[in-house]
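For the sequence shown, our numbering gives the first residue as -15, with consecutive numbering after it.
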Amino acid sequence: MSKPGAIVRFTGKLPENSDVLAGFVRWMVGTEFSPKITLKARKRFTGHTFKFGHAVKRTRSYAVHFVHGDLSDSLHYLAHEVQHVLQYERGHLANTRTHILWHGEPYITVEAYKALGVAEFATYLALPWEAEAKQAEVTKPHEFVRWVKAGRRSEFGS
Ligand SMILES: [Zn+2]
């Protein structure tokens, strides 16, 4: 049996600090789920998490695009996007053809969600899965640094 936890790889140019970034993602996912996560470092634009269906052997695949600046910027963006991966893995965030579901309940129609433009950015940020990911941006990098300083990084490696 393979080791539980996220299977992390990079696509495109390997970013600076890639070992730390991969270690952060593995730490955030923990051992409950084993999603396959392909990271793509980008210079600008917002981050994005793409989910690819229900893959074989209960391992789900995700592509995570994150803005790669200095290390703290990268951890900030990755925390946000990996929180979305966890929401999918836990079944908190899901979608049908017509609705986006939050904790199993229809929250917004896909149509209304797609129509949220720049003018409704505040509404977008207030969506519960976005608010939760925003919170992760703030808390997770700090928790990770504390965990590394406690000398437990070797448990995960990268
Ligand atoms: Zn988000």
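Just so it is clear, CB atoms sit at the ideal spot from N, CA and C, and this is done for glycine as well.
Just so you know, these numbers come straight off a predicted model, no measurement behind them.
{"Item": "When the Cα atoms are used, what is the spatial distance from L85 to H76?", "Value": "8 Å"}
{"Item": "Is it true that the CB of V4 sits closer than 9 Å to the CB of A(-10)?", "Value": "no"}
{"Item": "So what does DSSP say about A(-10), is it helix, strand or coil?", "Value": "coil"}
{"Item": "Which runs of the beta strand (DSSP E) spanning at least 3 residues fall entirely within the segment 76 to 138, listed in chain order?", "Value": "77 to 79, 83 to 86, 89 to 93"}
{"Item": "Buried or exposed: V40, going by 16 or more other Cβ atoms within 10 Å of its Cβ?", "Value": "With a pLDDT of only 48 at V40, under 50, the local geometry of the prediction cannot be trusted, and the value read off the model is given with reservation. Exposed is the call here."}
{"Item": "Going along the chain, which residues of its own chain have a beta-carbon closer than 8 Å to the beta-carbon of E143, five neighbours each way excluded?", "Value": "Outside the shown range of the chain, which is -15 to 142, sits residue 143, and nothing can be said about it."}
{"Item": "Just checking, does the segment -6 to 2 make contact with the segment 21 to 30 on the three C-beta pairs under 8 Å criterion?", "Value": "yes"}
{"Item": "With respect to 8 Å, is the separation between the Cβ of W113 and the closest non-hydrogen atom of ligand 1 below this value?", "Value": "yes"}
{"Item": "Closest to G31 by CA distance: which of F8, Q119, S18, A47 is it?", "Value": "A47"}
{"Item": "Could you check if F50 is buried or exposed, using at least 16 other CB atoms within 10 Å of its CB as the buried criterion?", "Value": "buried"}
{"Item": "Alpha carbons only, please: which of V69, H87, E89, N79 is nearest the one belonging to K98?", "Value": "N79"}
{"Item": "Could you have a look at A39 and say whether DSSP puts it in helix, strand or coil?", "Value": "Any reading at A39 must be qualified, since the residue scores a pLDDT of 45, below 50, and its modelled position is unreliable; the value itself is stated next. It is coil, neither helix nor strand."}
{"Item": "Exposed or buried, P19, counting other C-beta atoms within 10 Å across all chains shown (16 or more means buried)?", "Value": "buried"}
{"Item": "Taking H52 and P(-1) to be in contact with their CB atoms under 8 Å, please state how far apart those CB atoms are, rounded to whole angstroms.", "Value": "5 Å"}
{"Item": "Quick check: what's the CA-CA separation for E73 versus Y91?", "Value": "18 Å"}
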